[in-house]
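A.B. asks: To start, I am sharing the structure in question, which I have written as structure tokens.
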Amino acid sequence: MSYIQHKSEESVEDYLETIFVLSNRMPSVRSIDIATELGYSKPSVSIAMKNLKNRGYITTSEEGFIHLTEEGRKLASSTYERHTILCNWFISLGVSPETAAADACRVEHDISQESFDAIKKFISEHPVTP
Numbered sequence: 026m027s028y029i030q031h032k033s034e035e036s037v038e039d040y041l042e043t044i045f046v047l048s049n050r051m052p053s054v055r056s057i058d059i060a061t062e063l064g065y066s067k068p069s070v071s072i073a074m075k076n077l078k079n080r081g082y083i084t085t086s087e088e089g090f091i092h093l094t095e096e097g098r099k100l101a102s103s104t105y106e107r108h109t110i111l112c113n114w115f116i117s118l119g120v121s122p123e124t125a126a127a128d129a130c131r132v133e134h135d136i137s138q139e140s141f142d143a144i145k146k147f148i149s150e151h152p153v154t155p
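Using my numbering, you'd call the opening residue of the sequence shown number 26 and step up by one each time.
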């Protein structure tokens, strides 16, 4: 996979994760909500939503509400799980919450399933006590 393709896949995962998080926080999600959450322009988000729709990750209603498809929800949920587990693990290691969140956002896209599963197993076998 080329660098550009990799960055494109990261972007897809970030958008899907954002839709997933917003849909758990609010009754409906629109492009403007995603733009606000990510600090992106509305036109950039509109282009991304068209791409996600064409790839079968989202559907949109006539009112402009965005919904994850089963495939979109699966990828979003997986990305969110990686982010959450990695972020919490970094914090438990003494990393500041801000740095942990930023690092988790980068690592969540690149870590192999094998390594992520090993980290999850390690965390479950070695819980951090406060």
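Where is the CB? At the ideal position from N, CA and C, for every residue including glycine.
Helix, strand or coil: how does DSSP classify Thr124 here?
C.D. replies: In this structure, Thr124 counts as helix in the three-state DSSP scheme.
A.B. asks: So Gly89 packs on Arg55, CB below 8 Å; how close in whole Å?
C.D. replies: 5 Å between Cβ atoms; contact.
A.B. asks: Does Glu87 pass the burial test, meaning 16 or more other C-beta atoms within 10 Å, or should it be called exposed?
C.D. replies: Classification for Glu87: exposed.
A.B. asks: So, using beta-carbon positions, are Ala73 and Tyr105 closer together than 8 Å?
C.D. replies: No, the Cβ-Cβ distance between Ala73 and Tyr105 is not below 8 Å.
A.B. asks: Give the straight-line distance between the Cα atoms of Ile44 and Leu63, rounded to the nearest whole angstrom.
C.D. replies: If I take the Cα positions, the gap works out to 11 Å.
A.B. asks: So the beta strand (DSSP E) His108 belongs to, where does it begin and stop?
C.D. replies: Element bounds for His108: not the beta strand (DSSP E) but the alpha helix (DSSP H), Glu95 to Ser117.
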